[in-house]
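Trainee: Take a look at this one; I'll ask things after.
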Amino acid sequence: MTRDEIKDVILEIIEDIDEDAEFDGLDADKPLRDQLDLDSMDFLDIVMELRKRYQLQIPEEEYPELATLNSCVNYLEPKLKEA
Amino acid sequence: MAEFQLVIIGAGLSGLAAGIRSARFGQKTLIVEQHTLPGGLNSYYRRQGFLLETGLHAMTNFAPRSEKHAPLNRLFRQLKLSRKSFITREQFGSEIIFPDRSLKFSNDLELLCTEIASSFPACIDSFQALVQEVERYDPFVEASWKSTRQFLQERLSDPLLIDMLLLPLMVYGNAEEHDMDLGQFAIMFRALFLEGFFRPEHTIRELLSMLTSQYEKFEGALRFKAPVTKILRAGGRVAGIRLANGEEITADAVLSTIGIPGTARISGWPLDQKKYIGRMSFMETITMVPHASLDSPRCSQTILFYNHNNVLSYRRPQAPIDASWGVICFPDNFEGLPIDTDVPLQVRITNAANYELWKQAGSSQYRQLKEEAGRKSAEAAGKIIGNYRQDVVYHDSFTPMTIERYTSKLEGAVYGSPIKIKSGATPWENLFIAGTDQGYLGIVGAMLSGVTIVNQHLLG
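Chains as they are written, first to last, in this note's numbering: chain A, 6 to 88; chain B, 9 to 468.
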């Protein structure tokens with residue numbers, strides 16, 4: 006997957022988790038959590054959804070890598086290269 | 009390999025929510041339910057053309073869609089249900105009625121503050137400080153038991169105000185007698201006073217069917233009429249379940265929603281079961297009454313919490329029921345529900361009941377006891393909303409025996425064990441409990457309990 010495709014996947018997962026998610030004006034370098042008003046339970050769902058779709062195991066200590074949209078892409082790019 | 013990754017015992021609200029969470033991420037999940045219908049304590053039945061709910065007065069934890077972190081909205085996201093299409097009907101307003109004072113409250117905290125300012129002017133500042141303290145309090149961290157009564161005495165100087173505030177909080181969720189754990193108090197205070205009462209657009213039936221369809225959409229399996237007689241063990245772990253028909257089902261993990269003592273009984277969990285059986289049970293009377301017979305202005309409110317004494321006696325009564333205090337609920341009195349004055353109005357009355365005395369009664373005596381208790385209950389309620397007994401068109405009641413028979417609540421203790429296990433853990437690393445005995449309360453709470461336990465332990 007390309008970086009843009011990964012970005013789309015993340016946004017699609019978030020949209021799927023939260024029907025009220027608003028992406029207008031989203032800053033890819035700022036925490037998703039604050040901008041989209043998500044909580045830790047929502048974050049768990051992003052992780053679980055990635056696992057379900059791509060059999061990706063993300064250990065808990067690496068959750069902080071998913072903080073911003075750009076950090077998600079950086080973190081997932083090598084893992085989803087073949088996907 | 010086990011047949012299922014997760015087997016859940018009980019298709020009540022916590023079991024269904026746990027099932028949805030587990031199945032949503034592709035785990036092979038089975039829910040087994042002893043009855044023919046889902047819902048557990050919150051189910052329904054039909055009589056004479058009426059659909060009657062067994063448990064639901066109102067749902068607590070009301071929150072508008074915009075409050076994303078409110079329990080109700082988090083729950084919907086976790087279950088992947090659309091909050092947008094879930095229509096909520098808020099309460100008209102409720103009232104706590106004691107002999108000398110009364111306090112109205114609604115889903116706007118301002119009303120309760122105004123009422124306290126006018127009836128207990130010396131206490132309003134400390135009440136507002138209390139609200140802030142409860143908002144900051146985190147009831148979900150493991151903490152040792154703390155006395156709510158002592159906490160309130162230190163903050164509100166008036167014993168009458170304390171008992172008035174405690175009545176709705178206790179009767180809608182407290183498994184202990186007289187006092188309650190501070191964590192449980194904080195959960196209830198938020199659920200009732202800070203968030204508030206509402207109903208779903210339709211009945212519990214549609215809510216349950218929304219949950220079962222969601223579960224089935226994620227390919228979860230659900231079996232009714234499948235009582236579990238044993239939780240099977242092998243090598244220090246739980247290996248599956250055995251059903252009453254002898255069938256054995258293997259599982260990687262088991263989640264039990266049938267309470268601590270019930271789970272202990274079928275798993276061989278060595279604990280003093282008596283300590284985990286709550287003493288508070290209730291008799292619930294449902295009557296259908298023509299609108300014209302209910303002309304007191306109080307009948308246009310939603311829920312009335314009454315006490316004919318100035319001191320609250322929240323304990324198992326000495327008699328079959330204690331009608332001196334209780335709840336009068338009008339489930340039709342919520343915003344936006346259709347009003348049809350040709351259809352009689354439902355009045356539900358809840359009173360504390362003594363399980364032992366109901367159990368001791370033989371079958372002929374039981375019926376008589378039920379009639380007497382129903383009369384006492386209606387008389388006591390009549391003092392609040394005017395006499396309506398002679399006009400009742402339909403009448404039914406549940407006793408602690410009914411509750412014990414149709415739900416897994418031993419001794420009819422609707423709020424389960426006075427001792428909760430917040431972590432959901434048992435002596436076996438792959439057996440967990442969720443639901444009432446895990447410590448969350450109410451319909452939203454029960455569902456969050458199922459969600460939380462699956463998130464913490466079972467999404468591996």
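Idealized CB from N, CA, C, for every residue including glycine.
Using a Cβ-Cβ cutoff of less than 6 angstroms, which residues in the same chain neighbour A:N75 once the five nearest sequence positions on both sides are dropped?
Mentor: If we look at A:N75 and ignore the five residues flanking it on each side, its Cβ neighbours are A33 and D34.
Trainee: So, B:T358 versus B:F206, is the Cβ gap smaller than 8 angstroms?
Mentor: Not in contact: B:T358 and B:F206 (Cβ atoms no closer than 8 angstroms).
Trainee: Would you check if the segment 179 to 188 of chain B and the segment 275 to 288 of chain B touch, i.e. whether three or more CB-CB distances between them fall below 8 angstroms?
Mentor: Segments in contact, yes.
Trainee: To be precise: take each residue of the segment 80 to 109 of chain B, compare its Cβ to all Cβ atoms of chain A, and keep it if any distance is under 8 angstroms. Which residues remain?
Mentor: Going along the segment 80 to 109 of chain B in chain order, one finds R82, R85, Q86, K88, S90, R91 and K92 with a Cβ nearer than 8 angstroms to chain A.
Trainee: Once the 5 residues before and after B:A151 are set aside, which same chain residues still bring their CB inside 7 angstroms of it?
Mentor: Excluding positions up to five away in sequence, the list reads G191.
Trainee: So within the segment 84 to 154 of chain B, which uninterrupted beta strand (DSSP E) runs reach at least 3 residues, ignoring any that extend past its ends?
Mentor: DSSP runs (the beta strand (DSSP E)) wholly in the segment 84 to 154 of chain B: 96 to 98, 102 to 105 and 110 to 113.
Trainee: Between which residues of its own chain and B:L230 is the CB-CB distance below 6 angstroms, once the five residues before and five after are set aside?
Mentor: Answer for B:L230: I39, listed in chain order.
Trainee: Hey, out of B:E143, B:E141 and B:S102, whose CA is closest to B:E123's CA?
Mentor: It is B:S102.
Trainee: Quick one: list the residues of chain A neighbouring B:F33, beta-carbon separation under 8 angstroms, in chain order.
Mentor: Correct list: M53, E54, R56 and K57.
Trainee: Listing by chain order, which chain B residues have their CB less than 7 angstroms from the CB of A:D39?
Mentor: Residues of chain B passing the Cβ test: none, with the nearest at roughly 12 angstroms.
Trainee: If contact is defined by three or more beta carbon pairs under 8 angstroms, each pair taking one atom from either stretch, is the segment 157 to 166 of chain B in contact with the segment 412 to 432 of chain B?
Mentor: The answer is no - the segment 157 to 166 of chain B does not touch the segment 412 to 432 of chain B, with fewer than three Cβ pairs under 8 angstroms.
Trainee: For the putative contact between B:I104 and B:P176, defined by C-beta atoms under 8 angstroms, what is the C-beta separation to the nearest angstrom?
Mentor: Indeed they touch by this definition, with Cβ atoms about 6 angstroms apart.
Trainee: At a CB-CB cut-off below 8 angstroms, which residues of chain B make contact with A:D29?
Mentor: Result: empty, since nearest Cβ-Cβ is about 17 angstroms, beyond 8 angstroms.
Trainee: Label B:I461 either buried or exposed according to how many other C-beta atoms from any shown protein chain fall within 10 Å of its C-beta, with 16 as the threshold for buried.
Mentor: When all chains shown are included, B:I461 counts as buried.
Trainee: For B:Q42, name the three-state secondary structure that DSSP assigns.
Mentor: Coil at B:Q42, not helix or strand.
Trainee: In whole angstroms, what is the alpha-carbon distance linking B:I294 and A:A88?
Mentor: Rounded to the nearest angstrom, the two C-alpha atoms are 59 angstroms apart.
Trainee: So which residues of chain A does B:H65 contact, with C-beta pairs closer than 9 angstroms?
Mentor: The contacting residues do not exist; B:H65 stays about 28 angstroms from chain A at best.
Trainee: Going straight from the alpha carbon of B:T271 to that of B:R241, what length do you get?
Mentor: About 13 angstroms.
Trainee: Could you work out which residue in B:D146, B:C307, B:L263 and B:E118 is closest to B:Q136 when comparing CA atoms only?
Mentor: The residue with the shortest Cα to Cα distance from B:Q136 is B:E118.
Trainee: Alpha carbon to alpha carbon, what distance is there between B:K367 and B:L251?
Mentor: Each residue's alpha carbon lies about 27 angstroms from the other.
Trainee: When we look at the beta-carbon of B:H65 and count the other beta-carbons within 10 Å, is it buried (16 or more) or exposed?
Mentor: Answer is buried; the Cβ neighbour count reaches 16.
Trainee: Mind listing the chain A neighbours of B:N253? Cutoff is C-beta to C-beta under 8 angstroms, in chain order.
Mentor: Those do not exist, as B:N253 stays about 34 angstroms from chain A at its closest Cβ, beyond 8 angstroms.
Trainee: Alpha carbon to alpha carbon, how far is B:S110 from B:A538? Give it in angstroms, no decimals.
Mentor: This structure cannot speak to residue 538 of chain B, because chain B is shown only from 9 to 468.
Trainee: What first and last residue would you give for the beta strand (DSSP E) that runs through B:F440?
Mentor: Note, B:F440: beta strand (DSSP E), L439 to I441.
Trainee: Starting from the N-terminal side, write out each stretch of the alpha helix (DSSP H) that is 4 residues or longer and does not extend beyond the segment 49 to 90 of chain B.
Mentor: The qualifying runs are 79 to 86.
Trainee: According to a CB-to-CB cut-off of less than 8 angstroms, which residues of the segment 396 to 423 of chain B neighbour chain A?
Mentor: Listed by position along the chain: nothing, the set is empty.
Trainee: Counting C-beta neighbours from all protein chains within 10 Å, is the total for B:Y314 16 or more, i.e. buried, or is it exposed?
Mentor: Classification for B:Y314: buried.
Trainee: Counting only the same chain and skipping the five closest in sequence on each side, list residues whose C-beta sits under 6 angstroms from that of B:L169.
Mentor: Here the set comprises F128 and C131.
Trainee: Return the residues of the segment 46 to 77 of chain B that lie within a Cβ-Cβ distance of less than 9 angstroms from chain A, sorted by chain order.
Mentor: So the close ones are R73, S74, K76 and H77.
Trainee: Within 10 angstroms of the Cβ of A:D4, are there 16 or more other Cβ atoms? Answer buried if so, exposed if not.
Mentor: Since the first residue shown for chain A is 6 and the last is 88, residue 4 of chain A is missing from the structure and cannot be characterised.
Trainee: Report yes if the C-beta of B:L190 is less than 7 angstroms from at least one heavy atom of the ligand MN; otherwise report no.
Mentor: Here there are no bound small molecules, and the ligand MN is not part of this structure.
Trainee: Which residue wins for smallest C-alpha separation from B:E292, given the options B:P426, B:K430 and B:M409?
Mentor: Checked all of B:P426, B:K430 and B:M409; the closest Cα to B:E292 is B:M409.
Trainee: Measure the alpha-carbon distance for B:A331 versus B:Y180 and round it to whole angstroms.
Mentor: Whole-angstrom Cα-Cα distance: 16 angstroms.
Trainee: Report yes if the C-beta distance between B:T265 and B:I451 is below 8 angstroms; otherwise report no.
Mentor: For B:T265 and B:I451, no; Cβs fall outside 8 angstroms.
Trainee: So, helix, strand or coil for B:T37, using DSSP?
Mentor: Looking at B:T37 - three-state DSSP - the assignment turns out to be strand.
Trainee: From the beta carbon of A:D47, is the nearest beta carbon of chain B less than 8 angstroms away?
Mentor: Yes, A:D47 counts as interfacial toward chain B.
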